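Novice:
2 protein chains.
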Amino acid sequence: PAHLLVCGNEKGGSGKSTLGLHIATALLNKGLRVGVIDLDIRQQTMARFFAYRAQTASIKSLDLAHPRVETLAPVRRDRVSDVTHEERCALFRLLLDMRNDCDVVIVDTPGASTNLSDIAHSQADTLITPMNDSFVDFDVLGRIDPVDGTLKNTSQYAHTVRQARRERRRLKGTVLDWVVVRNRQSAFSSRNERKVDDGLRRVSMQLGFRLVDGIAERVVYRELFPLGLTVMDAEALYALDVCQRSSPSHKAACREIDRLVRMLRLPIDDE
Amino acid sequence: PAHLLVCGNEKGGSGKSTLGLHIATALLNKGLRVGVIDLDIRQQTMARFFAYRAQTASIKSLDLAHPRVETLAPVRRDRVSDVTHEERCALFRLLLDMRNDCDVVIVDTPGASTNLSDIAHSQADTLITPMNDSFVDFDVLGRIDPVDGTLKNTSQYAHTVRQARRERRRLKGTVLDWVVVRNRQSAFSSRNERKVDDGLRRVSMQLGFRLVDGIAERVVYRELFPLGLTVMDAEALYALDVCQRSSPSHKAACREIDRLVRMLRLPIDDE
Ligand SMILES: Nc1ncnc2c1ncn2[C@@H]1O[C@H](COP(=O)(O)OP(=O)(O)OP(=O)(O)O)[C@@H](O)[C@H]1O
Ligand SMILES: Nc1ncnc2c1ncn2[C@@H]1O[C@H](COP(=O)(O)OP(=O)(O)OP(=O)(O)O)[C@@H](O)[C@H]1O
Ligand SMILES: [Mg+2]
Ligand SMILES: [Mg+2]
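Chains A and B supply the protein sequences, listed in that same order.
Under my numbering, think of the first position of the first sequence as 80, with each following residue one higher.
Under my numbering, think of the first position of the second sequence as 80, with each following residue one higher.
(1) Identify, in the order they occur along the chain, each residue of the same chain with its Cβ nearer than 7 Å to the Cβ of A/Ala81, setting aside the five sequence neighbours on each side.
(2) Enumerate, from N- to C-terminal direction, the unbroken alpha helix (DSSP H) stretches of 4 or more residues contained entirely within the stretch 313 to 347 of chain B.
(3) Is the CB of B/Gly92 under 8 Å away from at least one CB in chain A?
(4) Would you verify that the beta carbon of B/Ser137 is, or is not, closer than 8 Å to some beta carbon of chain A?
(5) Can you tell me whether A/Pro346 is buried or exposed, with buried defined as 16 or more other CB within 10 angstroms of its CB?
(6) Taking only beta carbons into account, state which residues of the stretch 199 to 226 of chain A come closer than 7 Å to chain B, listed in chain order.
(7) Give the straight-line distance between the Cα atoms of A/Ala237 and A/Gly221, rounded to the nearest whole angstrom.
(8) State the DSSP-derived secondary structure class of A/Ala126, mapped to helix, strand or coil.
(9) Going along chain A in order, which residues have a C-beta closer than 8 Å to the C-beta of B/Gly190?
(10) Given a cut-off of 8 Å on the beta-carbon distance, is the pair A/Gly92 and A/Gly190 in contact?
(11) Which residues, taken in chain order from the stretch 304 to 338 of chain A, show a beta carbon closer than 9 Å to some beta carbon of chain B?
(12) Would the beta-carbon of A/Asp212 fall within 8 Å of that of A/Gln264?
(13) On a CA-only basis, which of A/Val275, A/Arg245 and A/Ala136 is nearest A/Ala318? Give me that one, please.
(14) According to DSSP, is B/Arg289 part of a helix, a strand, or is it coil?
(15) Is the beta carbon of B/Phe188 less than 8 Å from the beta carbon of B/Gly307?
(16) Using a C-beta to C-beta distance shorter than 9 Å, which residues of chain A count as neighbours of B/Ser96?
(17) Using the Cα positions of A/Arg57 and A/Gln202, report the straight-line distance between them to the nearest angstrom.
(18) So which residues of chain A does B/Asn232 contact, with C-beta pairs closer than 7 Å?
(19) In three-state terms, what does DSSP make of B/Arg158?
(20) Tell me where the beta strand (DSSP E) around A/Asp187 begins and ends.
(21) Using a Cβ-Cβ distance under 8 Å, would A/Gln285 count as near chain B?
(22) Since B/Arg261 sits in a beta bridge, which residues does DSSP pair it with?
(23) Of all the CB atoms in chain A, is at least one closer than 8 Å to the CB of B/Arg178?
(24) Taking only three categories from DSSP, how would you classify B/Ala237?
(25) For a contact meaning CB atoms closer than 8 Å, what does A/Gln122 contact in chain B?
(26) If you draw a straight line from the alpha carbon of B/Arg244 to that of B/Ala199, how long is it in whole angstroms?
(27) On the CB-based measure, 16 or more other CB atoms within 10 Å of its CB, does B/Asp157 come out buried or exposed?
(28) Which residue's Cα is closest to the Cα of B/Thr97: B/Arg334, B/Leu316, B/Leu111 and B/Phe304?
(29) Is there at least one Cβ from chain A nearer than 8 Å to B/Ser196's Cβ?
(30) Going by beta-carbon coordinates alone, are B/Leu206 and B/Val85 separated by less than 8 Å?
(31) Who pairs with A/Glu149 in a beta bridge, going by DSSP?
(32) Quick check: does the Cβ of B/Tyr317 come within less than 7 Å of any heavy atom belonging to ligand 1?
(33) Taking the CB atoms as reference points, tell me whether A/Leu143 and A/Ile116 lie closer together than 8 Å.
(34) With a threshold of 16 other CB atoms inside 10 Å of the CB of A/Arg167, please say whether the residue is buried or exposed.
(35) Against chain B, does A/Asn271 count as a neighbour if the rule is that its beta carbon must be under 8 Å from one of theirs?
(36) Taking 5 Å as the limit, name every residue whose beta carbon sits nearer than that to some heavy atom of ligand 4, in sequence order.
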């Protein structure tokens, strides 16, 4: 049955969609059957990316691997009780349906609190949470005491995940693997970045996530978006001669995404 | 009466709160009376920043200028008709109340579509929309034809602003000044960044915004967040000796924020 990977972070612009589409293309190019559920009905970054991909494949006659893509419309709400029965059913039915024709299903959630996003969090086998090297982003996980560095409060997104975990234990009995990854990291180290790193390591036990190596800020992670391609599509990029494939940044990007996929420890057969 | 400046962009993580708090502190340090309405009830980045500021002023015995800060809880919705009468009244009453004791009121909106955010957009005198140098961010404004560079479709956030403008003309008869500013710009030019810039210039007439000089990616724009300070708080930073005030990046940051405030052309008396 499909392994469910959810891209989650209530903080906007942390990189959920960007990492989601890079992981998806990496898995597709390994020959896996990938499903994508885009729960961000207004922006639909993932759905649009794969629409551009289909367009590029057709216009340029390229042999590209494509996932099965589905979008569902969440109704944003402020209380869990607002989840409607039909919405729950629609998502569960979709997950069941994709269970058999996909190896991995990637669910992209919006940068907001929605009922369907919560359900996705409670169904996830792996939850990946990207974040910026910033205490503005850190704040949705928890507040650190500026004096002694201990966790003073847990914030709304940590609560969302804790709630989802309880729901999951109740229904599935299996454990959620919560992976936090810093994204858009600067090439240069800074005192701020070391403080964020230190803060994350201190709270990882308490909040229940494991911290993996970060992903750098690289133009190549966004410049291929309109084409529906990523650095992982080496053959297509070669055929199109569309960006500096041999640049150090490009090779480093491929290695970073490969490493991220390995660190997710998805139950996929790898050579 | 107070000039209403709204920080808006449905795209998450574009820098609404970051630019909002920097503009607010710049205006406070010019001696203006500043009001802040934080409509992002879950993250409350602006409200927390000024709470940290009050804390720093008290703990370190610093003479810092503070704004009047208010938060209001929006109910997210999918149809305009879902705005409740009480919610509209609460926001209008607050705006009226702040009209007389503030020179500028800054409203921070969440990275999502909410009813109160829409009302704020229709009441704004100036709307500032930051965005990343990225077609992922561009997509919420419109789609560009990859072949001839013309605007193919307008997207959801462009519609939100257009709707707000109609509402405003109907109620106020005055014109909205929509300012778009690229944020988190890399120090290095790239083909991608030139394409985004070109795209923005092409659509600015049609969508009705003016494009101003961008703001660079600088650690100093986020590292002072936990202290409730910004580069514009020169005296406080001197007293605390808390970051490399004389670094080139620090001086460049001050100039960038000063320039941004000038380009907003707020009706404030300046020396
Ligand atoms: N590692 C990276 N390098 C360069 N640009 C990046 C990187 N990660 C994300 N971006 C850019 O940062 C912006 C935010 O990323 P993205 O849209 O993936 O975040 P998100 O969490 O999905 O946002 P939302 O909450 O709006 O759904 C986009 O403009 C994207 O192109
Ligand atoms: N010019 C900049 N230089 C460095 N970091 C920045 C800059 N602008 C924003 N950031 C960082 O980028 C992230 C997103 O910024 P911010 O939270 O202000 O965006 P937002 O539009 O308010 O997001 P949301 O939609 O979640 O409210 C934060 O971690 C912030 O510290
Ligand atoms: Mg997204
Ligand atoms: Mg914000």
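We put the CB at the ideal spot given by N, CA and C, even for glycine.
Just so you know, these numbers come straight off a predicted model, no measurement behind them.
Specialist: According to the data block:
(1) Gly114, Met177, Arg178, Cys181, Asp182, Val183 and Val184
(2) 313 to 319 and 327 to 343
(3) yes
(4) no
(5) exposed
(6) Ser213, Phe214, Val215, Asp218, Val219 and Pro225
(7) 7 Å
(8) helix
(9) Gly91, Gly92, Gly190 and Ala191
(10) yes
(11) Phe304, Pro305, Leu306 and Cys322
(12) yes
(13) A/Ala136
(14) strand
(15) This sequence places Thr at residue 188 of chain B; Phe is not what is there. Going by C-beta atoms, B/Thr188 is not nearer than 8 Å to B/Gly307.
(16) Val215
(17) For residue 57 of chain A there is no data in the structure shown, the boundaries of chain A being 80 and 350.
(18) Ordered by position in chain A, no residue passes the 7 Å Cβ test against B/Asn232, which lies about 11 Å from the chain.
(19) With a pLDDT of only 40 at B/Arg158, under the threshold of 50, the placement of this residue in the model should not be trusted, and no figure is reported.
(20) Val183 to Asp187
(21) no
(22) B/Met210
(23) no
(24) helix
(25) Glu89, Lys90, Asp218, Val219 and Gln235
(26) 11 Å
(27) Residue placement at B/Asp157 is poorly supported in this model, since its pLDDT is 44, which falls under 50; the coordinates are not used for a value here.
(28) B/Phe304
(29) no
(30) yes
(31) A/Ile116
(32) no
(33) no
(34) exposed
(35) yes
(36) B/Lys95, B/Ser96 and B/Thr124
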